[in-house]
Structures are given as structure tokens and as C-alpha cells.
Amino acid sequence: MTETPLSLIRNFAIIAHIDHGKSTLADRLIEATGALSNREMTAQVLDTMEIERERGITIKAQTVRLAYPARDGKTYVLNLMDTPGHVDFAYEVSRSLAACEGSLLVVDASQGVEAQTLANVYQAIEAGHEIVPVLNKIDLPAAEPERVREQIEEVIGLDAADAVMISAKTGRNIEGVLEALVTRLPPPSGDAEAPLKALLVDSWYDPYLGVVILVRVKDGRLARGQRIRMMATGAVHVIEQTGIFSPRPQPVSDLGPGEIGYITAGIKTVADCRIGDTLTDDRRPTETPLPGFKPSVPVVWCGLYPVDADDFEKLRDSLAKLRLNDASFHYEPETSAALGFGFRCGFLGLLHLEIVQERLAREFDLDLIATAPSVVYRIHRTNGVIEDLHNPADMPDGSVIDRIEEPWIKATIMVPDEYLGAVLGLCNERRGQQVDLTYVGNRAMAVYRLPLNEVVFDFYDRLKSVSRGYASFDYQMDGYAESDLVRISIMVNGEPVDALAFIAHRAAAETRGRAICQRLKDLIPKQLFKIAIQAAIGGRVIARETIGALAKDVTAKCYGGDISRKRKLLEKQKEGKKRMRQFGKVEIPQSAFLAALKTN
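Residue numbers (the numbering used here): 210 to 809.
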């Protein structure tokens, strides 16, 4: 393979809000450059996971190398990175941006700038990117490119006078995007003779090759047979294969400065490959590592338990395999009185949790019960010890707690004027503190500080419902603050169900407790005896619901005769029910667990 001069390489990411057309634009670019034949092309060709195709979302950032013969007669090498748009996968976006010099900012010409557009643009600006605005979906009847152009200039502060107008769906003006890439984005810099310095962008597990590492070479060269060292872990490996994605994996002899490709080195576990690490030559190492990026920190935790206790080992193996392909997912073993042995798992958000659960069910054929999602609280004990609390069931007794702090977020919500009142009402109801409120045309941008605990359950669903789906929402962590928090235990038939325990603000405790009791009353099937469902703070019951007994007509077989015969049968039934209530175990179906946690 002949070496490409640096001046002919362009590394770029496609960033946008959810559903603004990133993956469709990537498809058109792949098509326009002839990387795949018409027969090989499918919709969202870079979304390789079944779950990505079904939901129409990108979960893993993907990369592809394209060759483009430009109008100036030169053939350019374009390294494209398609990134996710959902707030839960912002970590994937940050990794992709670190490997590129420029970004295509895709904005829907009918919807305009949304919350996630802003978040991703600011990440790209922080990464020092040159940004090319692209207005997509200009073929829609509702498209208003001029209004959206103004919006980009007012909200983001980017010059959008020469924004590229396209329709990724129909392929209109894709040539314009390719020309903008080669003329407006800077080429990468690097020195092929300097010691090797390469950024580890991503890694995943392949059952045949072991760990495959996606790298961006800054200086030096990566070639087969070379001994490389990971600077963070100190591990040394010998490269077995170097290659590029076009979009199918294609082996090449070596990777030079400015290039993005993959290497394999017989590495057994992804844990050995830290995302953001610097690779260097073992014999001639570089002195300073690349800045890399912050490790992902889980914000939502929940317990995952197998429905069948015999599946525990299978669950352990499945989580280990899933962790190989998802560095932002964390887990540790735990036990529960109600559910047996399982794992406490950490996620970047609720969608991430849902995706992991679905992948475990599909790819590993596991039947799981998930406990209530909770955030990480910080407990200050009276003896001065500070500890993180991942599981509400582990909360110590109130007498040893000095104070509890909870995580807060800074949320940016963009919403059309007419729904602003309802959105502000929702934020205030969730203990929000308004930071800023600005207008751009007929859209408002509200910035709020909110407790993460209030957002985790159903904030996103409620936001979409009060705004008829028009509001968009993005957040970032904003430290910890002290709050008046209590643990609410749920008891069924006098037995505490630790999987349903949760922590809430004292002011909302009774409402939340009553809501869960009412939910469980509708969800738990009737037994032959009465079942009491109670919510309690410590020893004080704050809400109660009773599930009536199944009415079995024991007198049906009495035809006539003395009344005492009927009474005798009824008394016998009463005794039996009393005994059953004493010793009877109430089985809570899995569907009841899941539905009970989705309280409004």
C-alpha cells in the first residue's frame, strides 16, 4: 500500500442530536466514494448491532476509511467516525473527537438546534476541531434552512453562512459535503521518524483474533511484528496484524502518522487496554504520553439477578464478555435476601441500562430481574468516615449518619415557547433550581440544576409528554450537595423486599411510597389470603395497601342440610387462610418488579 501524504488525509467525526441523520449521511458518503457496492449497501451500514438497527440509534462509534477523488485532481483519504447522539453515549463521542481534527455538525433543517447538538459542538470545540455545519433534511416541507442558519449563529456562535445544504435520505448535494471536507478541514500533523505515539481510541473482543484495538497514530509508525508498550499499564505486546476499516476490515502493511486503523496483538482481555492510553515502541519509547481522556464514571446503578438461581455462573460469564466490548459498563457481585446472588451494575444512564439488559437477554439468553435504578450517594458518618452508597439496601442506621449528599446535574432543555410553562413546572416539581433562561426565535433554552435522583426514574418520559415530544434534553454532572434524604423500605406480607428499597427526598417520600404500594397492589396476583403491602421509613409505616384474598366458594358442594355445616366449612377456610398468611410466601412476578419501578 503506497503511503498517503499527510496533506491528503482528513480525519473527521459526524456529530448531531438524535435522529438528525448522522448514520444516513455516513451511508451516503460511503456510497458516493464507492467503498461498498450497491449490492453490499444496507441502511445504517455502520450500525452493526441488531439492537442499533431495531431502535434506529447508534450505540457504538464506528470508523471507516474512504478514498475521494476531489475536484482539484488529488485523491484524498477520509477517515470518518459516526458517533452516537444520545446523552448516555456522550463518552463514545468524546473518544471519537480525540482521534479527529474536524467535525461535520449535522442539524435537521426542520427541527433546528437541539440540546444534544449544543453538547456535542462544545465537546468538539474543546477538542480544538474545525467545524463544518451541514443542514440536513432540506427536502422536507417543514424545512426552514434560513431560520436554522440564524439559530446556529445565535445559539452556538458558529458562522453558518456557508453551511452545506443536503438531504442525506435522497443523496442531494453529498458532493458538496465531500468538497467541504477536503477544502475546509485541516490535515493531521505528525512525524513518521519520531518515536511511536498512538492513541488507543476503542477496543473490542473478537472470538478469533482476541482484542482488536482501534488506534489513531500521531507520530511514528505501527507495523506487524513490532513490540509495543501500553504506557498506562506497562504491558508489552507484539503486533500480529495492522489494518483499516473500509468499512470491512482490510489488513495493511503499516499505519503511519495521521492514520486511523486497527491492530491485533493476541491480547486476551479488554481490561488490559485502557481507552485513552498511549501506545509506544518498546525499544524506542516516547517520553510523554498523549493527554487521553477521562475514564467514564457510572452515574446509575442497579442490581441484576437471574430469575433462575442456577443461571448465576452464566450471568457472571455473560457480564465479563459484555464488559469486553463496553468499557463504560461496571459490575461487582452482591446478594439480596429477596433475589439471591446477582451483580450490582453501573451504567452511564437509563438508556445504557436498558441496552445492556436487552443485550444480556438476546445475546446470552438470560432471564433477569433488575432492581430499582439508583444513583451514588455520599454518606458522611458521625465518626468522620465518608463512603459512597451504591445500593439503598446498604444504607446504615440514621444514628450513625451525620449528613447525606446526592449528585446534581446541570441540565440544558430546549423547548418551543408554548410548552415552556409545563417544562418549568416539571423542573420545579423535581426540586430544580433555575440557572438561566434565554430565547432564540420561538424556542427557549432553560438551564437548570437538578438532583440526578429525580431525573433517573422517568424525567425524560415526562419531559417528552409535557412538550408533545418537542423538548430536547442534555445534562452533565455538577458535583454533590447535602439533602434531606431517607430510605423507604417496601414490605410485602411483613417481609422487607430489599430489591424495591429506594432513597428519596423526605418531602416526596410519602407520595413515592404510596405510588409503589398502589402499583404493587395491581401487579401482585391475589393469593388465598390477604396480603399487606407497606412502605416504611425505619419503623414508621407511611403507606399501606391490602390485596384481598381470592374468594373460593367452599360451600358450593353443600346442597341443603343444616346451616352449621356451611359455618363449619367457612370456619375451616378462615383458619387455613390465617395459617397461610403466617407461613405463606408471596412470589412477586418479574413483570411486577419492572412495572413497580416505573412509577409516575
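Using N, Cα and C, we set each Cβ at its ideal position, and we do this for glycine too.
Asked                                                                                                                                                                          : Found
Is it right to say ILE564 is buried, meaning 16 or more other beta carbons lie within 10 angstroms of its own, or is it exposed?                                               : buried
To test your reading of the DSSP string, which unbroken alpha helix (DSSP H) runs of 4 or more residues are found completely within the segment 559-632?                       : 559-572
Give a yes or no on whether the C-beta atoms belonging to VAL644 and TYR657 are separated by under 8 Å.                                                                        : yes
With a threshold of 16 other CB atoms inside 10 Å of the CB of GLU355, please say whether the residue is buried or exposed.                                                    : exposed
Go through its chain and collect everything with a Cβ distance to ARG721's Cβ below 6 Å, but skip five positions before and after it.                                          : ALA713
Look at VAL391 and ARG652 and say whether their C-beta atoms are less than 8 Å apart.                                                                                          : no
Which one or two residues does DSSP pair with MET700 in a beta bridge?                                                                                                         : PRO705, GLN743
Specify the secondary structure class of CYS767 as computed by DSSP and reduced to three states.                                                                               : coil
Put PRO389 into one of helix, strand or coil per three-state DSSP.                                                                                                             : The sequence shown places Ala at residue 389, not Pro. DSSP places ALA389 in helix when its eight states are reduced to three.
Kindly confirm or deny that the segment 372-391 and the segment 345-359 touch, where touching means at least three C-beta pairs closer than 8 Å.                               : yes
Determine the direct distance from the alpha carbon of SER692 to that of GLY634, and round the result to whole angstroms.                                                      : 21 Å
Am I right that ASP611 and ARG590 are in contact with their C-beta atoms under 8 Å? What's the rounded C-beta distance?                                                        : 6 Å
If you drop the 5 nearest sequence neighbours on each side, which residues of the same chain put their C-beta closer than 8 Å to that of LEU238?                               : LEU275, LEU287, LEU289, ILE383, VAL386, LEU387
Leaving aside the five residues before and after VAL664 along the sequence, list all residues of the same chain whose C-beta is less than 8 Å from its C-beta, in chain order. : ILE618, ALA620, ARG639, TYR684
Could you give the distance in angstroms between the alpha-carbon of THR580 and the alpha-carbon of TRP413?                                                                    : 28 Å
For ASP256, does the count of other Cβ atoms within 10 angstroms reach 16, so buried, or fall short, so exposed?                                                               : The pLDDT assigned to ASP256 is 46, lower than 50, so where the model puts this residue is not dependable; a value taken from the coordinates is nonetheless given after this. Classification of ASP256: buried, given that the 10 Å Cβ count is 16 or more.
ALA328 by DSSP, collapsed to three states: which one?                                                                                                                          : helix
Between LEU418 and LEU464, is the Cβ-Cβ spacing less than 8 Å?                                                                                                                 : no
Give me, in chain order, the residues of the same chain whose beta-carbon lies closer than 6 Å to that of PRO460; leave out the 5 immediate sequence neighbours on both sides. : GLN450, GLY452
Would you give the residue range spanned by the beta strand (DSSP E) that CYS726 belongs to?                                                                                   : Careful: CYS726 lies outside any beta strand (DSSP E), inside the alpha helix (DSSP H) at 715-732.
What is the DSSP secondary structure of ARG438, reduced to helix, strand or coil?                                                                                              : strand
Measuring only the C-alpha atoms, how far is ILE697 from VAL750?                                                                                                               : 9 Å
Would you mind listing the beta strand (DSSP E) stretches within the segment 504-532 that are 3+ residues and don't spill past its ends, in chain order?                       : 509-515
Tell me which same chain residues have a C-beta within less than 7 Å of the C-beta of MET440, skipping the five on either side of it?                                          : ASP486, THR487, THR489, PRO498
Helix or strand or just coil, what does DSSP make of TYR471?                                                                                                                   : strand
For ILE756 versus ILE725, is the C-beta distance shorter than 8 Å?                                                                                                             : no
Could you check which residue in LEU598, GLU780, LEU575, ASP576 has the C-alpha nearest to that of VAL810?                                                                     : Residue coverage of the chain in this structure runs from 210 to 809, which leaves residue 810 outside it and unanswerable.
Check PHE236 in the structure and name its three-state DSSP category.                                                                                                          : Correcting the residue identity first, residue 236 is Asp in this sequence and not Phe. Of the three classes helix, strand and coil, the one that applies to ASP236 here is helix, per DSSP.
For PRO660, which residues from the same chain have a beta carbon less than 6 Å from its beta carbon, with the 5 sequence-adjacent residues on both sides left out?            : GLU615, TRP617, ARG640
Kindly indicate which residue of MET604, PHE682, LYS530 has the alpha-carbon position closest to the one of PRO816.                                                            : Any answer about residue 816 is impossible in this case: the structure gives the chain only from 210 up to 809.
Give me the DSSP bridge partner(s) of ALA655.                                                                                                                                  : ILE622, LEU646
According to DSSP, what are the bridge partners of ASN288?                                                                                                                     : ASN220, ARG274
Do ILE613 and ILE578 have their beta-carbon atoms positioned less than 8 Å apart in this structure?                                                                            : no
Around the C-beta of ALA222, are 16 or more other C-beta atoms found within 10 angstroms, so that it is buried, or is it exposed?                                              : buried
Less than 8 Å separating the beta-carbons of PRO515 and LEU524?                                                                                                                : yes
Look at the Cβ atom of ALA377, then the Cβ atom of THR233, and state whether they are nearer than 8 Å.                                                                         : yes
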